[in-house]
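In what follows, a structure is listed as structure tokens, so that the remarks can point back to it.
Protein chains in written order, with our numbering: chain A, 8 to 482; chain B, 8 to 482.
Printed below as a string of structure tokens:
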């Protein structure tokens, strides 16, 4: 059997560096090819450059032309809960009562395998419609759910990170498991799924508040036995949660509850981190660990404003992914996550510019809170990939990487979008700045309707115009 | 010529009281009629009740049945800028530089009458697509723009409040006018448009920062000569703005800059009010004046978190409308405004529950920050009508009022919406609680795609399935 080769022609936009490192010339961090060609072989990017230069080298390759779109690397959702797909947007509570009232009962339903499979279908369909091609996901305490998750991801050949979720405290009966079962389930799933196809495994203590010392010890043991897997959890999300967590674990801060068990290092992600101290951020930075910034969720549950500019301090930079945190977040779209990330950043900007209180003035940190389109889209592509140590695999269009991408329609969204974008460009972007302006428009004026097509390993898995009928029917 | 009579059959949801007054039983504030009939005569609601009871009384009236929808009063947008329709979502600045960089140049383009007319078309089409049937709008310093606004509103027979916008400072040349011209233009427009059809006039000092003492005096004189018109302006939006304003006007706080000129009373609305002190709120309450809460804008420009729970203090309640503040706000949809209003409220809730700092603990105020679906939808219908002293004209379905309404499709929005709402109801809401759950879902999970139809004075002016082609083309 020969190799399967194909190519995509269109306007490409991706990143080669962290734009926060180039505040005076963000364009240095990006690549824009107005008329580009991406050659794909067996799902891997074989060649990438201008159509004019490259096309002669591939005379027999079938080219799919995607005009009037911006083609970006597939979005990465660094923090999301499979089993909360249906109960996103549940009313009226902060984190802890919200978990008890809405989340644990719904997650329990996934122990019915039929329901779990249905949930997985909805979950992945929603991701693809949102332009998300990679996620790091929580499942439930039940190993069959994580297994269903990996099975559904494999069907789509998507690069995903997940694992059975460890929780032995705080949740109602039937929503917890013993550390011993968790250890055994994790081991079995890990050996079955880690690096099986595009699947990656994460040891997943749900959050320190829901994990006893024994559960943490089980995680520590797994991490030691399998040093190349991920650790995915929550950190420092809500003030009440933090207080109870410190009491339970007897630690000086939230991060220490994970450090105690050797969990904080490369491929560790703590979701949220709203209330991380400067010192915790410093330790995360030194460890090479990451935080997932989940603005829609942090606002929806009222947790507060993540200190984006502090996390991007060049003296102690914290690796960041951005996450929808469905269902603490209320929208699957990473464009929507960027909308609210921008707003959190601007609120921080005001608090740090000295106008409210000169004692808080920090001009450099204020500036780092401004989420330009470069910073924004880097964060949900290459930036998230780096935080997950996947920068050699996904995140941009450098040859050798996996061909996951989205085709974005800058006129999608509320009715006013088209007239708005006409002020930015006439017949499509011709410069990197114009393209960046359209990206900003898509995150602030457009929405998930901007995602016209989503491709995974060189195959189209979602197309807006054809997908709607299938999704609209009852499952 | 006889009267024109028609009727609408469907599931109706409206309000009869402020739900904040009934924290233990919010249902007392609302009406839900699962199978209802609204009889309309010459655009006015003639009768309203259950279909079973009423239909026999109107045997010859043609009934339009709108199934599978929730019919609510048309939404009211208490604070919006006509001439910022195209530049919503402009990148990277707080209020004052944002005005200089993006807003004043765009507003100036409206002095070309052709452009102003085009802008009005887009503006009203966007409002109707968002389910908004009444707005209180800023125009520009140019009287022809306000005239174009009222002309376009009259074509649609919409109830609107607006006026020429007074600014003689702070803006670049060509974006200001003299107090004398402002006075004369206002007088002419006011006599032409106030209570002409459904139009209402507002004396509109743009904001205290942009108005000299002479401009304020012109407003004071107009208010004295025409005591029944509106006053529409901004108040206490951004910390830097506030500081400069107090310096310019030599007042102890922002509100006093308007009080000094007798502008604060019934039919006065100050947009934003993010940084209003307790005492300013008290004075607004006593005066019977109003504030327009604009959460998307306050977040987009980084102004901060409006103290919703304080404004609803029963000891000094502030009349509130909610506003999109296009283009400081980035979406026309009042459903989206509710999404972010909820989030602002929840962030306040956390700050007031004592978990961060016991000194700030205020359980009652924390609770008043929770934007239930009752509070939310009251706020953008009857609540806003009350803040504008229009509760006898619009805001609910009581006979005698004008027949402005929206038909909402709870399955509209991101792809996951339909599966989500199936968990709330099966074949449409049968109880008030079920209907309220769907309303909450529409504001947090759905979006403007939930607005299926918008009717003004008993006429359908927008229908999602038919509107798209017309709006998608270039103007």
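Even glycine gets a Cβ: it sits at the ideal position worked out from N, Cα and C.
Among the residues facing chain B, residue 349 of chain A is included, as its CB has a counterpart in that chain under 9 Å away.
With contacts defined as CB atoms closer than 9 Å, residue 262 of chain A and residue 277 of chain A qualify as a contacting pair.
Residues of the same chain with a CB within less than 6 Å of the CB of residue 265 of chain B, apart from the 5 flanking positions on each side, are 271 in chain order. Runs of the alpha helix (DSSP H) lying entirely within the segment 268-342 of chain A and spanning at least 4 residues, in chain order: 285-294, 302-307, 315-318. In this chain, residue 176 of chain A is not harboured by any alpha helix (DSSP H), its DSSP state being neither H nor E.
Around residue 426 of chain A, the beta-carbon contacts reaching into chain B at under 8 Å are 92, 93, 129, 482. Contact between residue 414 of chain B and residue 78 of chain B holds: their C-beta atoms lie close to 5 Å from each other, under 8 Å. Proximity of chain B to residue 455 of chain A at the Cβ level (cut-off 7 Å) is accounted for by 421, in chain order. The segment 438-448 of chain A and the segment 11-23 of chain B do not touch, with fewer than three beta-carbon pairs separated by less than 8 Å. The Cβ of residue 314 of chain B sits no closer than 9 Å to any Cβ of chain A.
Non-local beta-carbon contacts of residue 58 of chain B in its own chain, meaning distances under 7 Å to residues more than five positions away in sequence, involve 16, 42, 43, 44 in chain order. The beta carbon of residue 469 of chain A sits closer than 7 Å to those of 135, 136, 460, 461, all from its chain and outside the five residues before and after it, given in chain order. Taking C-beta separations shorter than 6 Å and ignoring five residues to either side along the sequence, the partners of residue 69 of chain B in its chain run 13, following chain order. Contact of residue 136 of chain B with chain A is assigned, a C-beta pair being separated by under 9 Å.
Contact of residue 451 of chain B with chain A by beta-carbon distance below 7 Å involves 96, 337.
Chain order gives no chain B residues near residue 147 of chain A, where near means a beta carbon separation below 7 Å; the closest approach is about 17 Å. Interface criterion not met: the Cβ of residue 403 of chain B is under 9 Å from no Cβ in chain A. Within the DSSP bridge table, the entry for residue 110 of chain A names no partner.
Between residue 367 of chain A and residue 378 of chain A, the C-beta gap is not smaller than 9 Å, which leaves the two residues out of contact. Judged by their CB atoms, residue 258 of chain A and residue 217 of chain A are not nearer to each other than the 9 Å cut-off. Cβ-Cβ distances below 6 Å link residue 394 of chain A to 297, 326, 327, 328 in the same chain, with the five nearest sequence neighbours on each side left out; the list follows chain order.
Boundaries of the beta strand (DSSP E) harbouring residue 13 of chain B: 12-22, taken from the DSSP string. Residue 341 of chain A and residue 84 of chain A do touch by the CB rule: their CB atoms are close to 6 Å apart, below 8 Å.
Within the segment 247-280 of chain A, contact with chain B at the beta-carbon level (separation under 8 Å) is assigned to 247, 250. Listed along chain B, the residues sitting closer than 8 Å to residue 99 of chain A by beta-carbon distance are 377, 379. Neighbours of residue 356 of chain A in chain B, taken as residues whose beta carbon is under 8 Å from its own, are 101, 309 in chain order. Residue 120 of chain B and residue 129 of chain B have their C-alpha atoms some 14 Å from each other.
In the three-state scheme derived from DSSP, where H, G and I count as helix and E and B as strand, residue 351 of chain A is classed as helix. Here residue 344 of chain A is near residue 303 of chain A, since their CB atoms are less than 9 Å apart. When DSSP states are grouped into helix, strand and coil, residue 245 of chain B belongs to the coil group. The beta-bridge partner set that DSSP reports for residue 141 of chain A consists of A:83, A:166. Not flagged as an interface residue toward chain A: residue 344 of chain B, since no C-beta distance is shorter than 9 Å. The C-alpha of residue 99 of chain A lies about 49 Å from the C-alpha of residue 48 of chain A. The closest CA to that of residue 132 of chain B, considering only B:153, B:160, B:110, is found on B:160. Judged by their CB atoms, residue 162 of chain B and residue 118 of chain B are not nearer to each other than the 9 Å cut-off. Among the CB atoms of chain B, none fall inside 9 Å of the CB of residue 77 of chain A.
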